[in-house]
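Presented below is the structure to which this report refers.
Numbering (our numbering), first residue to last: 30 to 301.
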């Protein structure tokens, strides 16, 4: 309780939203997620199991000998984890953003309470990253059961996957903020961004085995950079030191660029 200059007391501290506004937004998103947690958990478990059986075990059984010095399943694991993290984070900054600006317009109501646009952005990203981390941990548990990774690889792969999720989500957040009509938007992203990135980022085989005219997709993809980091840290894949620096620099620059882009776009959209 505070005392105003007139001597009257107030039950509301107006400075609290300025300090903790981002967490209020994140908490609201987490509460919203809790309403459909069975679907999140089912997707988090079902998706890796299907991929591991169909691709890792099925296709892997057709591959003679190790890939990059390890089993095909171990080679595939960092890419699958990074993909899962990217998908989880993207879901949290795309659909809820359309909802906040177009469907329910909840962002405008939130902004009217004193919570700023950048705080809303930060809160949404915190929720997105928490979901991505939870998804990766569930995935890693399944991979451990299949013997695809070791306990020593859990934290390094969580790190590399989180970098990919943060970088991609920041840029996708900025793109989604500009969308005023969601008609066909998610289909376009799925077909022309997610699918090519998943197929041509060294996911199923080393990027250098991809035709040179398609390798550029991997070079600009956070999935390839994250996957290469994950393979180097989890099972010791041979990645030059300078290339590791490039991988981290690319992901960090992409994340910073995404935040620098989304903040002004978000503030502008709230003022419309």
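In this text, a Cβ means the ideal position worked out from N, Cα and C, and glycines have one as well.
Being a predicted model, the structure only gives us computed values, none of them experimental.
Expressed to the nearest angstrom, what Euclidean distance is found between the alpha-carbon atoms of residue i and residue j?
i: residue 66; j: residue 241; result: 42 Å
i: residue 164; j: residue 248; result: 25 Å
i: residue 288; j: residue 199; result: 6 Å
i: residue 133; j: residue 127; result: 9 Å
i: residue 210; j: residue 258; result: 37 Å
i: residue 173; j: residue 72; result: 18 Å
i: residue 63; j: residue 117; result: 15 Å
i: residue 206; j: residue 131; result: 10 Å
Take residue i and list the residues in its own chain whose beta-carbon comes closer than 7 Å to its own, dropping the five residues that flank it on each side.
i: residue 223; result: none
i: residue 125; result: 58 and 153
i: residue 103; result: 177, 178 and 264
i: residue 255; result: 111, 189, 190, 192, 193 and 280
i: residue 75; result: none
Taking the Cβ atom as the reference point for each residue, do residue i and residue j lie within a distance shorter than 8 Å?
i: residue 203; j: residue 290; result: yes
i: residue 155; j: residue 55; result: yes
i: residue 299; j: residue 50; result: no
i: residue 235; j: residue 97; result: yes
i: residue 292; j: residue 122; result: no
i: residue 243; j: residue 233; result: no
Go ahead and label residue i buried or exposed: buried means 16 or more other beta carbons lie within 10 angstroms of its beta carbon, across all protein chains shown.
i: residue 140; result: buried
i: residue 83; result: exposed
i: residue 219; result: exposed
i: residue 129; result: buried
i: residue 270; result: exposed
i: residue 221; result: exposed
i: residue 213; result: exposed
i: residue 115; result: buried
i: residue 245; result: exposed
i: residue 148; result: buried
By Cβ distance, which residues of its chain are closer than 6 Å to residue i, with the 5 residues on each side in sequence left out?
i: residue 169; result: 183
i: residue 196; result: 251, 280, 283 and 284
i: residue 187; result: 165
>> If we require 4 or more residues per run, which alpha helix (DSSP H) segments fall completely within the stretch 126-190?
In response: 135-140 and 146-175
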